[in-house]
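Presented below is the structure to which this report refers.
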């Protein structure tokens, strides 16, 4: 399993993984509730997103899924992601790269640090964001229902590489 870095205030990495496991179980329940079958392809894609921590593009999901199901097609991956997104089980992320990445949707709001060098995505949570939302909403008479923060820069490894090239 690929370990994702999590920067959080008061939330451990273990709690984040527990939440992702719980979301996988919830996903199965949502599929059943909406009259959708839990096909092997859907179960596999949900499991891949859970195990990998998300932030995968369709090609990465396809490559990982083919290790278990060699006959799986890329169009099946796209259709499955579309269904899972429609049901609110998967979140589509569009970073500056020009293509979509996917993660399991969950109730906890989180944001992303995005490395412009290698594409690494690091999730973080911000305890102060709720207060900022409240203050901005009050000041502008705006009801804020959520936010998405994407901070762009270079991870430690890419910073080292950039310094070595100079």
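In this note's numbering, the protein residues as written are 1 to 166.
By construction, the Cβ of each residue, glycine as well, lies at the ideal position given by its N, Cα and C atoms.
Quick caveat: nothing in here was measured; it's all calculated off a predicted structure.
> What residues in its chain sit with their C-beta under 8 Å from that of residue 48, if we drop five residues either side in the sequence?
Replying inline: Residue numbering aside, residue 48 sits at position 48 when the chain shown is read from its first letter. Around residue 48, the same chain offers 56, 61, 64, 65 as residues with beta carbons nearer than 8 Å, after the five sequence neighbours per side are excluded.
> Taking C-alpha atoms, which residue in 26, 90, 132 lies nearest to residue 53?
Replying inline: Here residue 53 corresponds to residue number 53 of the chain shown, with the count starting at 1. From the listed residues 26, 90, 132, the smallest Cα separation to residue 53 is found for 90.
> What is the DSSP secondary structure of residue 100, counted as helix, strand or coil?
Replying inline: Taking the first residue of the chain shown as 1, we reach residue 100 at position 100. It is a strand residue.
>> Please tell me whether residue 27 and residue 46 are closer than 8 Å, where the distance is taken between their beta carbons.
In response: Sequence index remark: in the chain shown, residue 27 carries index 27 (1-based). Sequence index remark: in the chain shown, residue 46 carries index 46 (1-based). Yes, the pair counts as a contact, with Cβ atoms nearer than the cut-off.
>> Between which residues of its own chain and residue 15 is the CB-CB distance below 6 Å, once the five residues before and five after are set aside?
In response: Within the chain shown, the letter at position 15 stands for residue 15. Because residue 15 sits at a pLDDT of 42, beneath the cut-off of 50, its placement in the model cannot be relied upon, and the following sentence gives the value as read from the coordinates. If the five residues before and after residue 15 are omitted, its C-beta is found closer than 6 Å to no C-beta atom of its own chain.
> Is the stretch 110–122 in contact with the stretch 149–157, if contact means three or more CB pairs nearer than 8 Å?
Replying inline: Because the criterion of three Cβ pairs below 8 Å is met, the stretch 110–122 and the stretch 149–157 touch.
>> I need the boundaries of the alpha helix (DSSP H) containing residue 68, first residue and last residue.
In response: The sequence position of residue 68 within the chain shown is 68, counting from 1. Note, residue 68: alpha helix (DSSP H), 58–68.
> Which residue or residues does DSSP assign as beta-bridge partners of residue 157?
Replying inline: The residue labelled residue 157 in the question sits at position 157 within the chain shown. Here residue 157 is not bridged, per DSSP, to any residue.
> Where DSSP assigns a beta bridge to residue 115, which residues make up the other side?
Replying inline: The residue given as residue 115 occupies position 115 in the chain shown. Bridge partners of residue 115: 153.
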